[in-house]
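What follows is a set of notes on a single structure, which appears directly below.
Here it is, written out as structure tokens:
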């Protein structure tokens, strides 16, 4: 549960960063939920808000649909947006500041033009501040970890129920829908993302959504799923066999499992994303499958299912203490099958805590 | 099913509009699926693409995750995006055109800066073209109506099953999750939006998402739901009673029902959104509930669950022939209950075709 003090701490850290970059005010806005920064800074979970953070003013502005909800969720002062002030509220809120931080990665060109027009482009400077907030969001606090742990528990409990339902003849779509339904019944806000349930050759397409294809005897199934709880995501993958796997399937499974376990073991704030990725990649390459592991080892996790930091060759920086990341090596043999095993871990410092409490030995469904 | 000829027709209509506005090329891009124009223009349903439309070039550019899918879904020429050309592909595709149309409402400031930098801001003019594509999208074609009809059928079949499941003691969340699960089992791509299931006083909050509140005897429940099929949405609301309603509840229900039926009956391309809204609003106002109908009567429906044209006081233009819109009056009595009844209709010209085949008499669940 995000408490008033958590929001206060986040804001005070943001204010420090703003000072360092000489930014007078930050405007954080929702855009079709493509930015969750407003939620991070205010705890408000609705779909429209301006969150304004300055040393002398911290407030949230939204329309009448959300006034009750904001009073309930957010410690920030509510500024009511309505027809009478819609044309000048941005000017009222931001006009007295010189350098205005805004989110260039989630503000649309139209939205930005409106902002400049309403506040007055000539008297102000508009500064991109995405990175500043992303940096804050990378380091998870106790209450965020608590929500992620609950999201893990719900997802894994539901996955256990799913294992009893997987049978030859049932469609991928039906099975994925059952898993999502079960997560919500167990208390998830919603699934953290569209579940992947790739059976047989479909498991070799890492991005593939569930189809009307039926599960068949002798197949591997890659199941990538997660729950959202109080806004926070879990993101887990297990690969299971329906009936007896071939020797090749067993071999590939063991390589992925070893890569997952070894890279997970060493992940800490002493290593970069690239270094951790390399541990898994070297194991898979040594086994002769290097060409079939086409994605990064992992990514950050929080309000969004993909956020910073990356655990891949692209990230040469050490992982920050407090980050939550996925560790998810995979091998995908086109036209045949795929194997991926994914846990979520919490970088506590020189070591990490595994948040996904679920066995990695191959499960063979009979 | 969207066919090659449908895409060709859409593109040829867009090319005409471009000519009229002196635009040489249009770039339509995905952004976290906040724009579905790329899908509209190419039939590709994945999450990353540049769709480029010019008189002499129509192509779709995406990365290796999607090459097979594009060959399967889209009649447009595939241009492969990869590491080797990522830095100059936008220049290659757009550099030879002078006036470049782009989507200001769904392109982020970062994305736009990248576009300008890569293509060269000095030699080109960038023109907002959102409205041009929205105008096209308003007029639905036969294949779009076919998909919407299937989305209606799936949603209503699932709603019928839900009616047997609603019992005092069950939570709003559980019931909404059951409905969504059933829609997917019946063949929906996914729910068209997060289902609303507002029982008792929660029904008076039109935007409220399902909570852990249990259904109680004597309550009204507002259920707003829809399926997505081949990308197209249905959007339906019915209000049902759990056990015997009070006289006030019955009175309010009948007012909303009359407002819905009368405004639906007259909706056509001869009237503006405002005029159709007024028919429903006048009935509700005359009955003394005008202050409790706080939203517009309806909105357009298609790939997005909310698109143009609006059926509200804000839209003084006549509805275009070919539009699909919702007709959804409501009365919300704070702290007590809400009633909303919503159908989807197809504006065929001087009249309309109701797409939602479901009774509007009050259903009392015993």
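Residue numbers (the numbering used here), protein chains in the order written: chain V, 1 to 366; chain S, 367 to 732. The beta carbon of each residue, even a glycine, is placed where N, CA and C say it ideally should be.
Verify the CB distance criterion: does residue 593 of chain S have a CB-CB separation below 9 Å to chain V? As a first step, residue 593 of chain S is located in the second chain; it is residue number 227 there, counting from the start. Chain V, which has no Cβ nearer than 9 Å to the Cβ of residue 593 of chain S, makes this no.
Restricting to Cα atoms, I'd like to know which of V:330, V:123, V:295 and V:54 is closest to residue 287 of chain V. Position 287 of the first chain, counted from the start, is the residue given in the question as residue 287 of chain V. Of the candidates V:330, V:123, V:295 and V:54, the one whose C-alpha sits nearest the C-alpha of residue 287 of chain V is V:330.
Is there at least one Cβ from chain S nearer than 9 Å to residue 240 of chain V's Cβ? For the purposes of this step, residue 240 of chain V is taken as residue 240 along the first chain, with counting starting at 1. Closer than 9 Å: no.
Can you name the residues of chain V whose CB is closer than 7 Å to the CB of residue 573 of chain S? The residue given as residue 573 of chain S occupies position 207 in the second chain. The answer, in chain order, is 65.
Exposure of residue 405 of chain S, with buried meaning 16 or more beta-carbon neighbours within 10 Å: Reading the second chain from its first residue, position 39 is the one you call residue 405 of chain S. Its Cβ being crowded by 16 or more others within 10 Å, residue 405 of chain S is buried.
Could you check what DSSP says for residue 471 of chain S in three-state terms: helix, strand or coil? If you number the second chain from 1, residue 471 of chain S lands on position 105. The three-state secondary structure of residue 471 of chain S, taken from DSSP, is coil.
State the Cα-Cα distance for the pair residue 381 of chain V and residue 347 of chain V, rounded to the nearest angstrom. Nothing about residue 381 of chain V can be reported from this structure: the residues present for chain V run from 1 to 366 only.
Does the segment 518–531 of chain S come within contact of the segment 146–162 of chain V, defined as at least 3 CB pairs closer than 8 Å? no
Looking only at its own chain, which residues have a Cβ that is under 7 Å from the Cβ of residue 574 of chain S, when we skip the five neighbours before and after it? Position 208 of the second chain, counting from 1, holds the residue named residue 574 of chain S. Excluding residues within five positions, the ones whose Cβ falls inside 7 Å are 562, 564 and 568.
Residues in the segment 467–482 of chain S having any Cβ partner in chain V nearer than 9 Å: 468, 469, 470, 471, 472, 473, 474, 475, 476, 477, 478 and 479
Strictly by DSSP, which residues pair up with residue 710 of chain S? Walking along the second chain from the start, residue 710 of chain S turns up at place 344. S:692, per the DSSP bridge assignment.
Leaving out the 5 sequence neighbours to the left and right, which residues in its chain are closer than 6 Å to residue 125 of chain V when beta-carbon positions are compared? In the first chain, residue 125 of chain V corresponds to position 125, counting from 1. For residue 125 of chain V, where only same-chain residues beyond five positions count, the Cβ hits under 6 Å are 99.
Spell out whether any CB of chain S is found under 9 Å from the CB atom of residue 81 of chain V. Working through the first chain from its first residue, we reach residue 81 of chain V at position 81. Proximity of residue 81 of chain V to chain S, defined by a Cβ-Cβ separation below 9 Å, is not satisfied.
Determine the extent of the alpha helix (DSSP H) in which residue 238 of chain V is found, giving its start and end residues. Taking the first chain and counting its residues from 1, the one referred to as residue 238 of chain V is at position 238. Note, residue 238 of chain V: premise wrong, no alpha helix (DSSP H); beta strand (DSSP E) at 236–242.
Does residue 657 of chain S come within less than 9 Å of chain V when only Cβ atoms are used? Against the second chain, residue 657 of chain S aligns to sequence position 291. No, residue 657 of chain S does not count as interfacial toward chain V.
How many whole angstroms separate the CB atoms of residue 593 of chain S and residue 549 of chain S, which I take to be in contact at a CB cut-off of 8 Å? Start at 1 with the first residue of the second chain, and residue 593 of chain S comes out as number 227. Start at 1 with the first residue of the second chain, and residue 549 of chain S comes out as number 183. That pair is a contact at about 5 Å.
Identify which residue in V:332, V:6 and V:94 has its Cα closest to the Cα of residue 28 of chain V. Stepping through the first chain from its first residue, residue 28 of chain V is reached at position 28. Nearest of V:332, V:6 and V:94 to residue 28 of chain V, Cα basis: V:94.
Run through chain A and tell me which residues come within less than 8 Å of residue 509 of chain S, C-beta to C-beta. Going by chain labels, chain A is absent from the structure shown, which instead holds the protein chains V and S.
Continuous beta strand (DSSP E) stretch holding residue 29 of chain V: start and end: As a position in the first chain, residue 29 of chain V is number 29, starting the count at 1. Residue 29 of chain V: member of the beta strand (DSSP E) spanning 25–29, first to last residue.
Give a yes or no on whether 9 Å exceeds the smallest Cβ distance from residue 185 of chain V to chain S. In the first chain, the residue the question calls residue 185 of chain V occupies position 185. Yes, because at least one Cβ of chain S sits closer than 9 Å to the Cβ of residue 185 of chain V.
Determine contact between the segment 187–194 of chain V and the segment 415–435 of chain S, defined as no fewer than three beta-carbon pairs at a distance below 8 Å. no
Is there at least one Cβ from chain S nearer than 9 Å to residue 121 of chain V's Cβ? Position 121 of the first chain, counting from 1, holds the residue named residue 121 of chain V. No, residue 121 of chain V lies away from the interface with chain S (no Cβ there is under 9 Å from its Cβ).
For residue 139 of chain V, the nearest candidate out of V:265, V:179, V:308 and V:315 (CA to CA): Translated into positions along the first chain, residue 139 of chain V becomes position 139. The shortest Cα separation from residue 139 of chain V among V:265, V:179, V:308 and V:315 belongs to V:308.
Taking 7 Å as the limit between beta carbons, can you name the residues of its chain near residue 578 of chain S, skipping five residues before and five after? In the second chain, counting from the first residue as 1, residue 578 of chain S sits at position 212. Excluding positions up to five away in sequence, the list reads 537 and 539.
Which residues, taken in chain order from the segment 509–539 of chain S, show a beta carbon closer than 7 Å to some beta carbon of chain V? 539
Does the CB of residue 578 of chain S have a neighbour CB from chain V at under 9 Å? For the purposes of this step, residue 578 of chain S is identified with residue 212 of the second chain, where counting begins at 1. Yes, because at least one Cβ of chain V sits closer than 9 Å to the Cβ of residue 578 of chain S.
is_contact[residue 563 of chain S, chain V] using C-beta, thresh 9 Å: Counting from one through the second chain, the residue named residue 563 of chain S turns up at place 197. The Cβ of residue 563 of chain S sits no closer than 9 Å to any Cβ of chain V.
Out of V:73, V:148 and V:36, point me to the one whose CA is closest to residue 5 of chain V's CA. Position 5 of the first chain, counted from the first residue, corresponds to residue 5 of chain V. Among V:73, V:148 and V:36, the Cα nearest to that of residue 5 of chain V is on V:73.
Is the CB-CB distance between residue 58 of chain V and residue 11 of chain V below 9 Å? On the first chain, position 58 is the one that residue 58 of chain V refers to. On the first chain, position 11 is the one that residue 11 of chain V refers to. Taking 9 Å as the Cβ cut-off, residue 58 of chain V and residue 11 of chain V qualify as a contacting pair.
Tell me the residue span of the beta strand (DSSP E) that contains residue 38 of chain V. One-based indexing of the first chain puts residue 38 of chain V at position 38. Run containing residue 38 of chain V: none in the beta strand (DSSP E); it sits in the alpha helix (DSSP H), 37–42.
Please classify residue 612 of chain S as buried or exposed, where buried requires at least 16 other C-beta atoms within 10 Å of its C-beta. Sequence index remark: in the second chain, residue 612 of chain S carries index 246 (1-based). Per the 10 Å Cβ criterion, exposed.
Which residues bound the beta strand (DSSP E) around residue 492 of chain S? The sequence position of residue 492 of chain S within the second chain is 126, counting from 1. 491–494 is the extent of the beta strand (DSSP E) around residue 492 of chain S.
In terms of residues, what are the limits of the alpha helix (DSSP H) holding residue 424 of chain S? Counting from one through the second chain, the residue named residue 424 of chain S turns up at place 58. Premise fails: residue 424 of chain S lies in the beta strand (DSSP E), 423–428, not in any alpha helix (DSSP H).
Can you grab the Cα-Cα spacing for the pair residue 148 of chain V / residue 232 of chain V, in whole Å? Position 148 of the first chain, counted from the first residue, corresponds to residue 148 of chain V. Position 232 of the first chain, counted from the first residue, corresponds to residue 232 of chain V. Approximately 6 Å between the Cα atoms of the pair.
Enumerate in chain order the residues of its own chain whose CB-to-CB distance from residue 499 of chain S is below 6 Å, with the five nearest sequence positions on each side excluded. Along the second chain, one-based indexing puts residue 499 of chain S at 133. For residue 499 of chain S, where only same-chain residues beyond five positions count, the Cβ hits under 6 Å are 403.
From the beta carbon of residue 732 of chain S, is the nearest beta carbon of chain V less than 9 Å away? For this step, residue 732 of chain S is matched to residue 366 along the second chain. Taking Cβ atoms only, chain V never reaches closer than 9 Å to residue 732 of chain S, which makes this a no.
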